[in-house]
Ligand code: C2E
Ligand code: CA
Ligand code: CA
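Residue numbers (my numbering): 12 to 318.
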């Protein structure tokens, strides 16, 4: 079954690819090859549903680290990232099932599970004195549900989650596309203390006038804008301009996907203080996260303090 699942995940990706690139060319779906892929996809959807019923998902947490001028590094937010513990396979990463869950609508049920688990965890952290926010990834399909905010508020009430313990991550393209109703609901949540972040900034098209008007606290700069900054002057110029622009709008900048010390040194010169990436920590289970980050701030090695 293990092999067939991996084949299945692969063809699910192929089907997604076709669905996206063929647009409305529905006739395409009737070729034998694609009919097979569609069947595989249906199987993945069934497997996902079963996975939800059997409680096969878990959250990992990746810290966002704030670097002060004094060289003190402190975790300030944990991003919750979903994983699928399939009974016959190693951990399955979200890239292999979140897109299919989004296309099939299953993301609403999966998102509910994530939301409820995050609310429960955040409430527990607050009670034990760990005042680090937990960030939730919200997909387009979820936000399109008329009762999304009702369900979120219900989860918060059920677990008695302090609103300042939560952060919502909304992708750039979705943020640019939100209607008045959604904007109003986000503003209300923000007024209550929930923080709103724009995710994957730099991968979509942003209307700057609109960005300024959004009820947003922070912007997460996508890895693609950061990848080459240690080696390319051009990449550095672009990154620096984007960071300045967002800070100029009064929003916090978080840099995603920091993989090397050289990148981080460069980013600190540009004026960034908040970092997330493999260079600092990979996503990890809750116990390990609390073990490493629920304690007093760590001081950086002396040789790096000069920056
Ligand atoms: P994302 O929201 O952009 O999350 C960051 C992804 O980048 C994570 O991958 C994380 O492990 C990875 N990452 C962190 N630091 C580095 C780095 O230094 N280098 C590189 N190359 N990668 C890094 P992950 O966990 O596989 O998640 C992938 C995507 O799946 C997420 O991208 C997000 O869009 C989606 N996702 C994850 N969990 C959820 C969820 O609960 N709900 C929804 N709707 N989507 C989710
Ligand atoms: Ca994210
Ligand atoms: Ca991101």
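We put the CB at the ideal spot given by N, CA and C, even for glycine. Note that this is a predicted model, so its numbers are computed, not measured.
When the Cα of residue i is compared with those of the options, which residue comes out closest?
i: residue 211; options: 283, 185 and 221; result: 185
i: residue 296; options: 54, 122, 267 and 69; result: 69
i: residue 156; options: 85, 119 and 247; result: 119
i: residue 176; options: 223, 87, 76 and 292; result: 87
i: residue 128; options: 71, 247 and 273; result: 71
Beta-carbon within less than 6 Å of residue i's beta-carbon, same chain only, minus the 5 sequence neighbours each way: which residues are those?
i: residue 151; result: 185
i: residue 148; result: 180
From what residue to what residue does the beta strand (DSSP E) around residue i run?
i: residue 171; result: From DSSP, residue 171 is part of no beta strand (DSSP E); its letter is neither H nor E.
i: residue 73; result: 68-78
i: residue 90; result: 83-95
Which same chain residues, not among the five before or five after residue i, have their C-beta less than 8 Å away from its C-beta?
i: residue 174; result: 167, 200, 203, 204 and 205
i: residue 256; result: 219
Under a Cβ-count criterion, where at least 16 other Cβ atoms within 10 Å of its own Cβ denotes burial, should residue i be classed as buried or exposed?
i: residue 153; result: buried
i: residue 289; result: exposed
i: residue 62; result: buried
i: residue 97; result: buried
i: residue 90; result: buried
i: residue 324; result: Past the edges of the chain, shown from 12 to 318, lies residue 324, and the structure says nothing about it.
Using 7 Å as the cut-off, classify the Cβ of residue i as near or not near the heavy atoms of ligand 3, replying yes or no.
i: residue 211; result: yes
i: residue 54; result: no
i: residue 233; result: yes
The alpha helix (DSSP H) that contains residue i, what's its start and end?
i: residue 123; result: 118-138
i: residue 186; result: 183-186
By Cβ distance below 7 Å, which residues in the same chain neighbour residue i in space, the five residues on each side in sequence not counted?
i: residue 275; result: 269, 286 and 290
i: residue 117; result: 56, 59 and 60
i: residue 159; result: 153
i: residue 132; result: 145 and 297
i: residue 271; result: 241 and 290
Would the beta-carbon of residue i be found less than 7 Å away from any heavy atom of ligand 2?
i: residue 180; result: yes
i: residue 90; result: yes
Please confirm whether any heavy atom of ligand 1 lies closer than 7 Å to the CB of residue i.
i: residue 274; result: no
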